[in-house]
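Peer 1:
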Amino acid sequence: VEQLVLHPGKLVKQSYLLDVIWGKSHREDTHYLRILVSQLRKKLNDSADEQQLIKTESGLGYRLVLEEPDCG
77 VEQLVLHPGK LVKQSYLLDV IWGKSHREDT HYLRILVSQL RKKLNDSADE QQLIKTESGL
137 GYRLVLEEPD CG
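Under this note's numbering, the letters of the sequence shown match residues 77 to 148, in that order.
#1: Three or more beta-carbon pairs under 8 Å between the region 79-89 and the region 101-111, yes or no?
#2: With DSSP run on the structure shown, which of helix, strand or coil describes R110?
#3: Should V81 be listed as close to the ligand NAP, given that the test is whether its C-beta is under 6 Å from any heavy atom?
#4: For a test of the three-state rule: what should DSSP assign to V81, helix, strand or coil?
#5: Between S101 and L94, what straight-line distance do the alpha-carbon atoms span, to the nearest angstrom?
#6: Quick check on K89: does DSSP put it in helix, strand or coil?
#7: Sort out for me which residues DSSP pairs G137 with in a bridge.
Structural data, given as structure tokens:
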């Protein structure tokens, strides 16, 4: 979560997240990351189908989407 929050709106690559969370020896363990993001989505009430908060960019990584407040 921290890495997504530190880079809102920007693509955070899978390889980077795997390195930061589990270390370089787990770079190929993308299923760990999918499970973690799935659990995070449940906590945030963000369905995998709609992806309003956490966007998956298949094969690349994840992006935290923060909407601009409505000023009208």
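Ideal placement from N, C-alpha and C gives every residue a C-beta, glycine not left out.
Peer 2: Well, looking at it:
#1: Because the criterion of three Cβ pairs below 8 Å is not met, the region 79-89 and the region 101-111 do not touch.
#2: As a working note, residue 110 is residue 34 in the sequence shown. Three-state result, R110: helix.
#3: In the structure on display, the ligand NAP does not appear, and there are no ligands present to speak of.
#4: For this step, residue 81 is matched to residue 5 along the sequence shown. Helix.
#5: Within the sequence shown, residue 101 is the residue found at index 25, counting from 1. Within the sequence shown, residue 94 is the residue found at index 18, counting from 1. The alpha-carbon of S101 is positioned some 9 Å away from that of L94.
#6: In the sequence shown, the residue the question calls residue 89 occupies position 13. Reduced to three states, the DSSP call for K89 is strand.
#7: Sequence index remark: in the sequence shown, residue 137 carries index 61 (1-based). Answer is K89 and E133.
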